[in-house]
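Just below is one structure, and these are the notes that go with it.
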DNA sequence: GTCTATACAGAGATAGAC
DNA sequence: GTCTATCTCTGTATAGAC
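Chains as they are written, first to last, in full-length UniProt numbering: chain A, 1 to 210; chain B, 1 to 210.
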């Protein structure tokens, strides 16, 4: 006889197992039956908690985005770092790519997981625009940034960062990576309207790559 | 007995029918059986010509991108338009969104068609970077643009344009559209390093919207 | 409220006969 | 080149056990 667990516990179990499988095998390649075998429940149970495989995916993505937002907020709190650098660091720290668990990022990249990628991007932009609103407005007030469209600019930088590092649309080779970073920072600088070279010391973080 | 048609003809038939259905019903929502019924062939015949439903999608996307690239090249040829404007017009004309047949764009937007969207984006960036390389380098030489990373900048602008107008990641409301355009042009200007306001006359094209 | 078991429709994809 | 038969998988819908 099966153990009858409390709703939230079961739901967590399904979520954790699904996340592992999606990362290991890919979203499309993971069948609901794969999940059922590991969690050791019947199909009816799965559909009791989630309306579809995609709903599980959405829940997982919200978790990933929230984890990224927390990393970003941690960095933004540290007033010892200059504002511009703090914001760029927050944007980079937020990305699953630069996190230890870059299996997530790897999986996010694959063409098969376009749905995962797009859902992630949408949720991330929404959440991170919230997180960055305050520091960016502060920067404009302090005359560090010069932006006519602050929120649109932030969205654009987030988007570019994501596409550069978290996504393979540009199909870049690894040897182009240092140039990629520099170009991104240069464009981010221009969009934010900081004085040129403001991010130069930031570049040293990636010095070892070039 | 079924008519045995020449390979290329059959392939075209499948492609044309699939494109209509993908646009009308969506990629995921269109079953291979839907295509088979209209083209009036058996499943085996379909898989004789294409390895998967996705392969059909890829072929269709290459067609769409090529159509966009042709529109862009037409505009770039017209030397009577100032270079900066010509480039921005080419970028906009290339997008299915601004084309008459915006059923394609509408379909491209839907979350269900993330795969379609991503494949399109990848192919479009690759093709349009080629198309824009020459005019952008010309602009730098003529001191109209000031870019440290020309190709990366172009990719970034193409990407931003796509995301703003061809994609719904930003989840903007219609009343924000004029602002959206202005913000995009402002960021594009900054990335290209043109003198501020260079694109102002361009904005008048969208004057009726605001 | 939580769970199993199972049957079923319809999807994508494959094998092999003709 | 074309077909039919068949496989696996998602997702729906049950009926019923505890």
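Quick reminder that beta carbons are idealized off the backbone N, C-alpha and C, glycines included.
Outcome for residue i when other beta-carbon atoms lying within 10 angstroms are tallied against a minimum of 16
i             : result
residue 153/A : buried
residue 79/B  : exposed
residue 72/B  : buried
residue 120/A : buried
residue 18/B  : buried
residue 2/A   : In this prediction, residue 2/A scores a pLDDT of 49, lower than 50, which makes its location untrustworthy; the coordinate-derived value is nonetheless stated afterwards. By the 10 Å Cβ count, residue 2/A comes out exposed.
residue 210/B : Bear in mind that a pLDDT of 44 at residue 210/B, under 50, signals an unreliable position, so the model cannot answer this.
C-alpha distance - residue i paired with residue j, whole-angstrom precision
i             : j             : result
residue 9/B   : residue 27/B  : 23 Å
residue 83/B  : residue 58/B  : 33 Å
residue 11/B  : residue 53/B  : 13 Å
residue 175/B : residue 7/B   : 49 Å
residue 66/A  : residue 142/B : 47 Å
residue 180/B : residue 160/A : 16 Å
residue 15/B  : residue 74/A  : 51 Å
residue 183/A : residue 148/B : 8 Å
residue 127/A : residue 13/B  : 45 Å
residue 23/B  : residue 63/B  : 14 Å
residue 50/A  : residue 93/B  : 43 Å
residue 37/B  : residue 47/B  : 15 Å
residue 178/B : residue 163/A : 25 Å
residue 167/A : residue 76/B  : 30 Å
residue 151/A : residue 140/A : 11 Å
residue 129/B : residue 138/B : 14 Å
residue 25/B  : residue 97/B  : 18 Å
residue 208/A : residue 193/A : Note that residue 208/A has pLDDT 49, beneath the 50 cutoff, so the model's placement of it is unreliable and no number is given.
residue 88/B  : residue 172/B : 22 Å
residue 45/A  : residue 85/B  : 59 Å
residue 29/B  : residue 30/A  : 20 Å
residue 81/B  : residue 81/A  : 46 Å
Limits of the unbroken alpha helix (DSSP H) element including residue i
i             : result
residue 135/B : 114 to 141
residue 47/B  : 43 to 49
residue 69/B  : 53 to 77
residue 29/B  : Unbroken run through residue 29/B: none, as it is neither H nor E.
residue 84/B  : 83 to 94
residue 164/A : 150 to 165
residue 189/B : 177 to 192
Beta-carbon gap between residue i and residue j smaller than 8 Å
i             : j             : result
residue 69/A  : residue 165/A : no
residue 187/A : residue 195/B : no
residue 34/B  : residue 21/B  : yes
residue 43/B  : residue 61/B  : no
residue 249/B : residue 145/B : The first residue shown for chain B is 1 and the last is 210, placing residue 249/B beyond what the model contains.
residue 190/B : residue 91/A  : no
residue 122/B : residue 56/A  : no
residue 117/A : residue 114/B : yes
residue 125/B : residue 158/B : yes
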